[in-house]
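Novice: To convert, note that position 74 of the sequence shown is 74 in full-length UniProt numbering; the numbers rise steadily by one, no gaps.
The C-beta atom is built at its ideal place from N, Cα and C for all residues, glycine as well.
The structure presented is a predicted model; accordingly, all values stated were derived computationally and were not measured.
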Amino acid sequence: MGAMRTAGSAIRMAAVAAAGLVLLAGCGGTGGGRGGGKDDGAAKGERPGGPARGGSSTTHLKNIPEVGTALRSRIPSATRQVVAVYGAGVNSADATVVLYDKGANGWDRKASWDAHNGRRGWTVNHHEGDKRSPVGVFPLTDAGGVLPDPGAKLPYTHSSAFTPPSYWSKNTRHDFDYVVAINYNRVKGASPLDPTRPEGQSKGGGVWLHLDHGSGTSACVSVPKSGMRALLRALDPARHPVIVMGDKAHLAA
1 MGAMRTAGSA IRMAAVAAAG LVLLAGCGGT GGGRGGGKDD GAAKGERPGG PARGGSSTTH
61 LKNIPEVGTA LRSRIPSATR QVVAVYGAGV NSADATVVLY DKGANGWDRK ASWDAHNGRR
121 GWTVNHHEGD KRSPVGVFPL TDAGGVLPDP GAKLPYTHSS AFTPPSYWSK NTRHDFDYVV
181 AINYNRVKGA SPLDPTRPEG QSKGGGVWLH LDHGSGTSAC VSVPKSGMRA LLRALDPARH
241 PVIVMGDKAH LAA
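#1: Report all residues from its chain with a CB closer than 7 Å to the CB of R132; omit the five preceding and five following residues, and keep chain order.
#2: If we ignore side chains and look at the alpha-carbon of each, how far apart do V135 and S166 end up?
#3: For the beta strand (DSSP E) that S112 lies in, which residues bound it at each end?
#4: Helix or strand or just coil, what does DSSP make of L154?
#5: Does the CB of T217 have a neighbour CB from chain C at under 8 Å?
#6: Reducing DSSP to helix, strand and coil, say where K225 ends up.
#7: Thinking just about the alpha-carbon of each residue, which of A95, S191, Y100 and E128 is nearest to the one in I75?
#8: Output the boundary residues of the beta strand (DSSP E) element that contains T96.
#9: For A143, report the span of its alpha helix (DSSP H) as first-last.
#10: Could you pull the start and end residues of the beta strand (DSSP E) that L209 belongs to?
#11: Determine the burial state of A111: buried for a count of at least 16 other Cβ atoms within 10 Å of its Cβ, exposed for fewer.
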C-alpha cells in the first residue's frame, strides 16, 4: 500500500511538472525561447514612489490616472487595489507599472517600477504567439514561483515546475522566481501552473506578472525582483486586486 501511495505521488508530481512546462511555453519563452530574443529595451530599475507617466497628483485621486471610462467601468466596485500597466505605445515593449490602493479619501499611488510587456506591444484581440500583451482589466487571485513564498497574501504555489526550460536563453532563467497570474483565459483560484484555458488554446494563456530580464516578453508583464516581492506582499485578496493594462491610447479610451 505504501508503494502504491508513493507511486501515485510520483505520478501527480510528474503531471504538475508537465503542466508547468505547458504553461511556461504559453507564457512564451520570454526573451526569445530557444535562441533568445532581440532586446526591445535596456534593463530598467525600480522607481518606488515615482509618478505614473503623465500623472501629476499622486494621492487621494478620484480615479486611476490615464484610465478612461471604457476600462474604468470594468473595475469591480469592490476593488481596492489596482496594478496599472502604462504601456509606452501600441507597438512598444516598454511600460511603467504602478500600484494604487484605495482608501477613504480616494486612490493613492503606493509605488511604481519601470517594466516590460509583450515585445510587439499590445492588442485587444490577443491570440497564441502574437507576442503582444492583452489590453484589459483582469483579476489577480493566484501567485507562485520557484522561490519560497516571500510573504504573499494571495495563495502561493512554491514549485520547481516554474523553472524555465534549459533551452531558453540564459537571461530568462530567473523570470519565474516569483509570478502573479493575470486572470486572462485561465481558471480563477487555480495555481498559475494550471494549463486550463477556458476560451480555448488559440486565445493564448499563461499571462503573468513576473521578473524582468531587460526586454520584451511574449505576453506577460515583467518588473524588477524587488517590485515582484513588494507586489506579492501587498496584493490582498480581501481588497479584490485587479490589473488594468494597455498602451496609453487604449487605456485612455
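Specialist: Looking at the coordinates:
#1: Working through the sequence shown from its first residue, we reach residue 132 at position 132. Correct list, in chain order: G118, R120, G121, W122, T123, H126 and A219.
#2: Locating residue 135 in the sequence shown gives position 135, where the first residue counts as 1. Locating residue 166 in the sequence shown gives position 166, where the first residue counts as 1. So the two alpha carbons sit approximately 30 Å from each other.
#3: The residue labelled residue 112 in the question sits at position 112 within the sequence shown. Per DSSP, S112 belongs to the beta strand (DSSP E) from G106 to H116.
#4: The residue given as residue 154 occupies position 154 in the sequence shown. Correct three-state label for L154: coil.
#5: Included in the structure is just one protein chain, with no chain C present.
#6: Position 225 of the sequence shown, counted from the first residue, corresponds to residue 225. Reduced to three states, the DSSP call for K225 is helix.
#7: The residue labelled residue 75 in the question sits at position 75 within the sequence shown. Per the Cα distances, Y100.
#8: For this step, residue 96 is matched to residue 96 along the sequence shown. It spans D94 to G103 - the beta strand (DSSP E) in which T96 sits, taken as one unbroken run.
#9: In the sequence shown, residue 143 corresponds to position 143, counting from 1. Run containing A143: none in the alpha helix (DSSP H); it sits in the beta strand (DSSP E), A143 to G145.
#10: Taking the sequence shown and counting its residues from 1, one reaches residue 209 at position 209. Counting along the chain, the beta strand (DSSP E) containing L209 begins and ends at W208 to L211.
#11: For the purposes of this step, residue 111 is identified with residue 111 of the sequence shown, where counting begins at 1. The residue is buried, with at least 16 neighbouring Cβ atoms inside 10 Å.
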